[in-house]
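Residue numbers (numbering that gives the first Met the number 0), protein chains in the order written: chain D, 0 to 89; chain S, 0 to 89.
Where a beta carbon is used, it is the ideal one built from N, C-alpha and C, also for glycine.
Protein chains: 2
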Amino acid sequence: MITVRVLVRLKPGILDVQGAAVKRALGGLGFADLEDLRIGKVVDLAIDANGEEHARARVDEMCRKLLANPILEDYTIEVVGDLAAPRSGR
Amino acid sequence: MITVRVLVRLKPGILDVQGAAVKRALGGLGFADLEDLRIGKVVDLAIDANGEEHARARVDEMCRKLLANPILEDYTIEVVGDLAAPRSGR
């Protein structure tokens, strides 16, 4: 079983209304040192796959089909761990 | 300016309704190899701070005051980069 983390974020040009509201609220709480804040989604998956490349390909397919909206969002896939792989060395 | 990434996730025992719905939908699309899926938030911040430790402390304060609900959620803080630090060496 392989654990994968997907980060789904609004594309740079898209207004992040939620992020703007939170940034403003933090400003009101005294965090004047905050320069920018944007909010996205993290999706933690566990998938039954043969190796990292296979897991990454399957998760990429999930992103394209459901997890991300390609018009508004970008996504990045990070393979966190492979429970079947040996813990040390290769 | 230091960029920091905060991951806010429901605590392990808390039912993730959104994640369960997405997992079910992916199952319906043929992703039978998906074993688990949970959804959280990623908050990307840029903060004007003196070094990583200072940035981390400030963001931890933001999490405690606003970004995370300590009853339902856990958070992890990852310092992504320090624009003031030299690119190579120390």
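{"Check": "Identity of the residue in S:R55, S:E52, S:L6, S:T2 nearest Y74 of chain S by Cα", "Outcome": "S:L6"}
{"Check": "Proximity test, Cβ basis, 7 Å: G80 of chain S and chain D", "Outcome": "no"}
{"Check": "Min CB distance L14 of chain D to chain S below 7 Å", "Outcome": "no"}
{"Check": "Cβ-Cβ distance between R4 of chain D and V79 of chain D below 7 Å", "Outcome": "yes"}
{"Check": "Partners in chain D for R55 of chain S, counting only beta-carbon separations shorter than 7 Å", "Outcome": "Neighbours of R55 of chain S on chain D: none; closest Cβ ~13 Å, over 7 Å."}
{"Check": "Outcome for A54 of chain S when other beta-carbon atoms lying within 10 angstroms are tallied against a minimum of 16", "Outcome": "buried"}
{"Check": "7 Å Cβ cutoff, I38 of chain S in contact with chain D", "Outcome": "yes"}
{"Check": "Residue interval of the alpha helix (DSSP H) (run including R57 of chain S)", "Outcome": "50-61"}
{"Check": "7 Å Cβ cutoff met for T2 of chain D and A67 of chain D", "Outcome": "no"}
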